[in-house]
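A.B. asks: Structure incoming, see below.
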Amino acid sequence: MNNKFKKIYELVEKRQLRDYKKEYTELLSFNNEIGSFEDYVAKLKDDRQDSYIKNNHYKDAVLFKDVMEKESLLINLYLIKFKHISPPALDEEYKPLPLKEKTIYEYGAVITFEDVSGQYAIENAFSGIEDTKELAEIKYKSLQDEINRMTEEELLDKLERYILDELNTK
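Convert by adding 278 to the 1-based position in the sequence shown; the result is the number in the working numbering.
Structure representation (structure tokens):
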């Protein structure tokens with residue numbers, strides 16, 4: 279089973295690198311002094327790790343958190359809320375419009391597998407974002423029920439299809 283999980287993990291890394299490349303290319307069009315793509319990715323990973331260590335304010339954002347086990351997998355389900363601020367925009371006279379802020383809700387899972395070569399975690403598995411707390415709670419509970427009914431093999435098959443769909447659609 280660990281070979282299948284590692285294969286899925288590699289797909290997730292491929293998806294992440296693709297997303298980083300897109301972001302890097304967009305930023306490069308504004309600032310050609312941001313360095314190499316490899317440096318950009320390394321800095322993103324360092325910044326992300328630092329934010330996990332330094333920022334405990336996310337604890338207030340967690341609405342639900344459940345831990346489930348499937349044979350060799352550990353599944354951390356989550357439902358969080360956070361503020362989303364609309365991107366800056368200009369009106370027809372090129373004056374800045376006021377920024378709009380709203381609370382949005384994200385649900386999903388972090389699936390972890392550990393073997394002798396280390397620990398592998400796939401974040402944002404089966405994740406989604408909703409505008410209302412009620413709908414997010416319904417989707418969270420639905421995801422929880424679905425994972426409860428699945429075997430480890432079924433879960434890995436679904437996760438692989440989910441990642442492949444993301445790679446092929448974006």
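Cβ atoms here follow ideal geometry from the backbone N, Cα and C, with glycine treated the same way. Since this is a predicted model, take the numbers as computed values, not measurements.
(1) Please list, in chain order, all residues of the same chain as residue 310 whose beta carbon is under 6 Å from its beta carbon, the five residues on each side excluded.
(2) Note down, one range per segment and in chain order, each beta strand (DSSP E) of at least 3 residues found wholly within the segment 281-322.
(3) Under a Cβ-count criterion, where at least 16 other Cβ atoms within 10 Å of its own Cβ denotes burial, should residue 313 be classed as buried or exposed?
(4) Could you tell me which of 431, 390, 410 and 296 sits nearest to residue 353, measuring between CA atoms?
(5) For residue 398, which option in 319, 305 and 350 has the closest C-alpha, if you only look at C-alpha atoms?
(6) Near residue 438, what residues of its chain come up, given a Cβ to Cβ distance below 8 Å and the 5 sequence neighbours on each side ignored?
(7) CB residue 359 to CB residue 377, shorter than 8 Å?
(8) Straight-line CA distance for residue 321 to residue 361?
(9) Whose C-beta lies closer than 8 Å to the C-beta of residue 343 among residues of the same chain, with five residues either side of it excluded?
(10) Looking only at its chain, what residues have a beta carbon closer than 8 Å to the beta carbon of residue 430, apart from the 5 residues adjacent to it on each side?
(11) Can you tell me whether residue 359 sits near the ligand SAH, meaning its C-beta is under 7 Å from at least one heavy atom of the ligand?
(12) Quick check on residue 435: does DSSP put it in helix, strand or coil?
(13) Return the chain-ordered list of same chain residues with a C-beta closer than 8 Å to the C-beta of residue 306, the five sequence neighbours on each side being excluded.
C.D. replies: Checking against the coordinates, here is how it stands:
(1) Working through the sequence shown from its first residue, we reach residue 310 at position 32. Taken in chain order, the list of residues that qualify is empty.
(2) none
(3) Residue numbering aside, residue 313 sits at position 35 when the sequence shown is read from its first letter. Answer is exposed; the Cβ neighbour count stays below 16.
(4) By 1-based counting over the sequence shown, the position of residue 353 is 75. Ranking 431, 390, 410 and 296 by Cα distance to residue 353 puts 390 first.
(5) To locate residue 398, count along the sequence shown from 1; it is residue 120. The shortest C-alpha separation from residue 398 is found at 350.
(6) Counting from one through the sequence shown, the residue named residue 438 turns up at place 160. Contacts found: 282, 285, 286 and 289.
(7) Counting from one through the sequence shown, the residue named residue 359 turns up at place 81. Counting from one through the sequence shown, the residue named residue 377 turns up at place 99. No, they are not a contact pair.
(8) Looking up residue 321 in the sequence shown gives position 43. Looking up residue 361 in the sequence shown gives position 83. One C-alpha to the other measures close to 25 Å.
(9) Position 65 of the sequence shown, counted from the start, is the residue given in the question as residue 343. These residues qualify, in order along the chain: 354, 355, 356 and 357.
(10) Taking the first residue of the sequence shown as 1, we reach residue 430 at position 152. 279, 348, 349, 350 and 351, listed in sequence order.
(11) With respect to the ligand SAH, the structure offers nothing, as it holds no ligand at all.
(12) Taking the first residue of the sequence shown as position 1, residue 435 is located at position 157. Helix.
(13) Looking up residue 306 in the sequence shown gives position 28. Taken in chain order, the residues that qualify are 312.
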